[in-house]
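There are 2 protein chains.
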Amino acid sequence: MPESPIGIFDSGVGGLTVLKAIKKILPHENLIYFGDTARVPYGNRSPNTIIKYSVENARLLQKFNIKTLVVACNTSSSYALEILKEEFPFPVIGVVKPGAKLAVESSKSKRIGVIGTEATIKSGAYRKAILSLEPFATVFEKACPLFVPLIEEGWLSDKITELVAEKYLKELTEKEIDTLVLGCTHYPLIKDTIKKILKDNVTLIDSAMAVAEEVKRKLPHRKKNKSQGVVRILVSDKTPRFERIAKMIMGEDTLIEEVSLDSE
Amino acid sequence: MPESPIGIFDSGVGGLTVLKAIKKILPHENLIYFGDTARVPYGNRSPNTIIKYSVENARLLQKFNIKTLVVACNTSSSYALEILKEEFPFPVIGVVKPGAKLAVESSKSKRIGVIGTEATIKSGAYRKAILSLEPFATVFEKACPLFVPLIEEGWLSDKITELVAEKYLKELTEKEIDTLVLGCTHYPLIKDTIKKILKDNVTLIDSAMAVAEEVKRKLPHRKKNKSQGVVRILVSDKTPRFERIAKMIMGEDTLIEEVSLDSE
Numbered sequence: 000m001p002e003s004p005i006g007i008f009d010s011g012v013g014g015l016t017v018l019k020a021i022k023k024i025l026p027h028e029n030l031i032y033f034g035d036t037a038r039v040p041y042g043n044r045s046p047n048t049i050i051k052y053s054v055e056n057a058r059l060l061q062k063f064n065i066k067t068l069v070v071a072c073n074t075s076s077s078y079a080l081e082i083l084k085e086e087f088p089f090p091v092i093g094v095v096k097p098g099a100k101l102a103v104e105s106s107k108s109k110r111i112g113v114i115g116t117e118a119t120i121k122s123g124a125y126r127k128a129i130l131s132l133e134p135f136a137t138v139f140e141k142a143c144p145l146f147v148p149l150i151e152e153g154w155l156s157d158k159i160t161e162l163v164a165e166k167y168l169k170e171l172t173e174k175e176i177d178t179l180v181l182g183c184t185h186y187p188l189i190k191d192t193i194k195k196i197l198k199d200n201v202t203l204i205d206s207a208m209a210v211a212e213e214v215k216r217k218l219p220h221r222k223k224n225k226s227q228g229v230v231r232i233l234v235s236d237k238t239p240r241f242e243r244i245a246k247m248i249m250g251e252d253t254l255i256e257e258v259s260l261d262s263e
Numbered sequence: 000m001p002e003s004p005i006g007i008f009d010s011g012v013g014g015l016t017v018l019k020a021i022k023k024i025l026p027h028e029n030l031i032y033f034g035d036t037a038r039v040p041y042g043n044r045s046p047n048t049i050i051k052y053s054v055e056n057a058r059l060l061q062k063f064n065i066k067t068l069v070v071a072c073n074t075s076s077s078y079a080l081e082i083l084k085e086e087f088p089f090p091v092i093g094v095v096k097p098g099a100k101l102a103v104e105s106s107k108s109k110r111i112g113v114i115g116t117e118a119t120i121k122s123g124a125y126r127k128a129i130l131s132l133e134p135f136a137t138v139f140e141k142a143c144p145l146f147v148p149l150i151e152e153g154w155l156s157d158k159i160t161e162l163v164a165e166k167y168l169k170e171l172t173e174k175e176i177d178t179l180v181l182g183c184t185h186y187p188l189i190k191d192t193i194k195k196i197l198k199d200n201v202t203l204i205d206s207a208m209a210v211a212e213e214v215k216r217k218l219p220h221r222k223k224n225k226s227q228g229v230v231r232i233l234v235s236d237k238t239p240r241f242e243r244i245a246k247m248i249m250g251e252d253t254l255i256e257e258v259s260l261d262s263e
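For the protein sequence lines, the chains are A and B, in the order given. Taking numbering that gives the first Met the number 0, the leading residue of the first sequence gets 0, the next gets one more, and so forth. Taking numbering that gives the first Met the number 0, the leading residue of the second sequence gets 0, the next gets one more, and so forth.
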């Protein structure tokens, strides 16, 4: 059905940057977002657990008759994308490939850095996606597990966040990269702090807009859709912390609904 | 049964400090530990979710015929203790009361600081427990949400951890406290860093040993137990991160088993 919503999930609040980008270029689409705040973060968990949680999230969104699923979580995209594509009848779009494509297009030297959670970096998903597009690229990867807690604490431009960024990015700055992929949907929120550490010629890749373009390109019956563009935001655990950051990203009038993952 | 194990749960790895203390003073007891690593951390979640997870963990341990349950998680102890006591037939011991008791005994000025996760501090559980023992005490509380991720990253004596501690503890140092409760089982791992920030006369309260004493005091049939003192460590998600920290606390030969919370 053209009026069916597009489903989007993330482990927590970060995927709202992807929701916002989709809303911007597809304003008439109905969008339903699920943030798995009862089990966030995914980035330190094992592949099996990441896959299990991703499938459960997709099942929850399936109940809303979604026509397309966007996996707005880099960790889930890195481990569960193929399984989700096999298990579900609707198209599934991840964040890794669009981000990798944008990085390859943007890089002149083809020396590309990637930062993300422990699990995302360990999966090598970005490395593989970049090398499949540009076999002569050189990819440098670095896990930054403290970025998410620092961002969730709200220390976006704190001196401490800068020191942590310096510590994590030191290796990458020595590698003469000209492009850095922000391989976690939280990271755009500390873009300015990250920029301070890197050389001026390094381009930051925030895949939110690239993902939104991919969704638009792949959307069936797009022109037949005459709906209002309703946005619903669901979470598995409603906390003041999620609400605070959600409003920071989506605006003060954002409404958040709690749903149970257990219910059938 | 005297040979039945004592069950201990925590949201993750921190409660192993409590397991270790119990093992030390009750070497003949069989101990079974469960770390809910598939859903850690609890400290930023809502009260409802904390209670739900705590009850599920207790149910899991109940299947092992435990004779006593130790809630080695401060966040769970702060929200779920009364419910667990009502729901289950075995005695339930939390970490808040023993820690509060030790703090009151140790403090001369009765100006006591408490640090913990966002949820623990918000619950006011330590404040209430301290004031019920010593109505003339003055309690100063401060949530330190970044300590757990910093400890899990292994930055135990890093300059950055010191700066974060300074930022969090600044208010408390101005309050002339003489006792500080480490209201999270992770925190003893950065005891030295915390000590550097505080004045020399401040005593740190690590409730692990106090909890172990309480377990010993309340244990039925203790002298009848002739068992070997087997220790089992279960987790809901087996990750290299848990294994690394578990070995740091419990020794290199520590074995870890993964179990599913879903199975009946």
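Just so it is clear, CB atoms sit at the ideal spot from N, CA and C, and this is done for glycine as well.
Leaving out five residues on either side along the sequence, give the residues of the same chain with a beta carbon under 8 Å from the beta carbon of residue i.
i              : result
P303 (chain B) : Within the shown structure, residues of chain B are numbered from 0 to 263, placing residue 303 (chain B) beyond reach of any answer.
L130 (chain B) : A136, V138
E263 (chain A) : Note that E263 (chain A) scores 47 on pLDDT, short of 50, meaning its location in the model is unreliable and no value can be drawn from it.
Could you tell me whether any Cβ in chain B is nearer than 8 Å to the Cβ of residue i?
i              : result
T48 (chain A)  : yes
A57 (chain A)  : no
K195 (chain A) : no
D9 (chain A)   : no
E152 (chain A) : yes
L260 (chain A) : no
L162 (chain A) : yes
G149 (chain A) : Contrary to the premise, residue 149 (chain A) reads as Leu rather than Gly in this sequence. It does; some Cβ of chain B falls within 8 Å.
L254 (chain A) : no
Quick one: residues in its chain with C-beta nearer than 7 Å to the C-beta of residue i, no 5 flanking neighbours on either side, listed in chain order?
i              : result
A209 (chain A) : P97, G98, K100, L101
V103 (chain A) : I129, L132, E133, A136
I50 (chain A)  : Y78, A79, I82
Grab the span of the alpha helix (DSSP H) containing residue i for me, first residue to last.
i              : result
G123 (chain B) : Counting along the chain, G123 (chain B) falls outside any alpha helix (DSSP H), and DSSP gives it neither H nor E.
L149 (chain A) : 146-151
G98 (chain A)  : 95-105
R44 (chain A)  : No alpha helix (DSSP H) holds R44 (chain A); DSSP gives it neither H nor E.
Y78 (chain B)  : 73-86
L15 (chain A)  : 15-24
I196 (chain B) : 190-196
V214 (chain A) : 206-217
R38 (chain B)  : Here R38 (chain B) belongs to no alpha helix (DSSP H), and DSSP marks it neither H nor E.
I255 (chain B) : Neither: I255 (chain B) is in no alpha helix (DSSP H) and is coded neither H nor E.
V163 (chain B) : 158-172
Does the distance from the CB of residue i to the CB of residue j come in under 8 Å?
i              : j              : result
H185 (chain B) : F146 (chain B) : yes
T48 (chain A)  : A37 (chain B)  : yes
S45 (chain A)  : D35 (chain B)  : no
N73 (chain A)  : G153 (chain A) : no
K217 (chain A) : P90 (chain A)  : yes
V229 (chain B) : N29 (chain B)  : yes
A124 (chain B) : V95 (chain B)  : yes
A142 (chain B) : E170 (chain B) : no
K198 (chain A) : T238 (chain A) : no
Indicate whether at least one CB of chain C lies closer than 8 Å to the CB of residue i.
i              : result
R231 (chain B) : The displayed structure is made up of protein chains A and B, and chain C is not among them.
Would you say residue i lies against chain A (beta-carbon separation less than 8 Å)?
i              : result
E263 (chain B) : At E263 (chain B) the pLDDT is 47, less than 50, meaning the model places this residue with poor confidence; the figure from the coordinates comes in the next sentence. E263 (chain B) does not count as touching chain A.
K141 (chain B) : no
K169 (chain B) : no
K166 (chain B) : yes
N43 (chain B)  : yes
R240 (chain B) : yes
A37 (chain B)  : yes
D236 (chain B) : yes
I159 (chain B) : yes
M247 (chain B) : no
Y32 (chain B)  : no
L188 (chain B) : no
V12 (chain B)  : no
L155 (chain B) : no
Please list the terminal residues of the continuous beta strand (DSSP E) segment that includes residue i.
i              : result
R231 (chain B) : 230-234
R139 (chain B) : One point to set straight first is that residue 139 (chain B) is Phe, not Arg, in the sequence displayed. Element bounds for F139 (chain B): 137-142.
D9 (chain B)   : 5-9
L179 (chain B) : 178-181
Y186 (chain B) : First-last for Y186 (chain B): undefined, no H or E at that position.
Residues in the same chain with beta-carbon distance under 6 Å from residue i, minus the five sequence neighbours each way, listed in chain order, please.
i              : result
E161 (chain B) : T192
A207 (chain A) : T16, V17, A20
Query raised in the report: Touching or not, the region 246-255 of chain A and the region 50-66 of chain A, by the rule of three or more beta carbon pairs under 8 Å?
Result: no
Query raised in the report: Is the region 196-206 of chain A in contact with the region 4-12 of chain A, if contact means three or more CB pairs nearer than 8 Å?
Result: no
Report task. Tell me, please, whether the region 170-177 of chain B touches the region 107-117 of chain B by the rule of three or more beta-carbon pairs shorter than 8 Å. Result -> yes
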